[in-house]
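Sequential numbering from 233 applies to the sequence shown in the working numbering. Single-structure report; data block below.
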Amino acid sequence: MRTDALPLRIGLRLWGFDEYEVRGWGENLPTLGGRISWEIMHDCDADGVGAVIHLVRSSAQTLASFCWNCVGANRAIRLAQGAAVLHVAVFSGDARRLPTPRYGLWAIAGRRSEEQTVHEIARTLVFPRVIHAR
Numbered sequence: 233m234r235t236d237a238l239p240l241r242i243g244l245r246l247w248g249f250d251e252y253e254v255r256g257w258g259e260n261l262p263t264l265g266g267r268i269s270w271e272i273m274h275d276c277d278a279d280g281v282g283a284v285i286h287l288v289r290s291s292a293q294t295l296a297s298f299c300w301n302c303v304g305a306n307r308a309i310r311l312a313q314g315a316a317v318l319h320v321a322v323f324s325g326d327a328r329r330l331p332t333p334r335y336g337l338w339a340i341a342g343r344r345s346e347e348q349t350v351h352e353i354a355r356t357l358v359f360p361r362v363i364h365a366r
C-alpha cells in the first residue's frame, strides 16, 4: 500500500449555502487518515480535485417551483459529464423544486442534515475510490 500519495481533494461547490456554515463542518468531514482533503470551490474549474460535491439549497420560496440554485448546479454537472472528475449534488429543500431533467447523481438530504448527507456520499462514493487507488 502506498502511503506517500497526495490526498484525494474533494471540492465543495456552494449553491445557496453560506461559506461560513460549510467551513464549520471542516473538523467533522472524514479524511481517512489524511487520504482525503476537503475544500470549498469558488469557481467552476475542477482542476486538481478528484470529486466535486455540489451543495444545493432550494432558492427562496417566492420563486414558486423554480429553484435558481438547482439550475446552476444542474448545468455545472451537465457540463462536467464525460470528465474524469466525479460530480454529485446534495439537495436540501422541497424535492418538488428539483429541475427536470436532472443530470448526474442527486442525493436528497431529506431528514438528514446536509453535513450528514455529505458524510454518506463520502462513505459510499469517495471512500471506495481512495481505498482502491492505493
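Beta carbons: idealized from backbone N, C-alpha and C, even for Gly.
Output yes if chain B places a C-beta closer than 7 Å to the C-beta of residue i; else output no.
i	result
residue 276	The structure shown contains no chain B; it holds only a single protein chain.
So what's residue i in DSSP terms, helix, strand or just coil?
i	result
residue 267	coil
residue 316	coil
residue 323	strand
residue 308	helix
residue 339	strand
residue 240	strand
residue 233	In this prediction, residue 233 scores a pLDDT of 45, lower than 50, which makes its location untrustworthy; no coordinate-derived value is stated.
residue 332	coil
residue 359	helix
residue 299	coil
Going by DSSP, what residues sit across from residue i in a beta bridge?
i	result
residue 246	287
residue 272	244
Which same chain residues end up closer than 8 Å to residue i when comparing Cβ atoms and leaving out the 5 residues on each side of it in sequence?
i	result
residue 290	248, 299, 301, 302, 323, 324, 325, 326, 329
residue 280	241
Judging by CA-CA distance, which residue of the options is the nearest neighbour of residue i?
i	options	result
residue 266	339, 340, 240	240
residue 259	285, 270, 277	270
Margin query: Check whether the region 351-360 and the region 302-317 touch, using three or more Cβ-Cβ pairs below 8 Å as the test.
Written below: no
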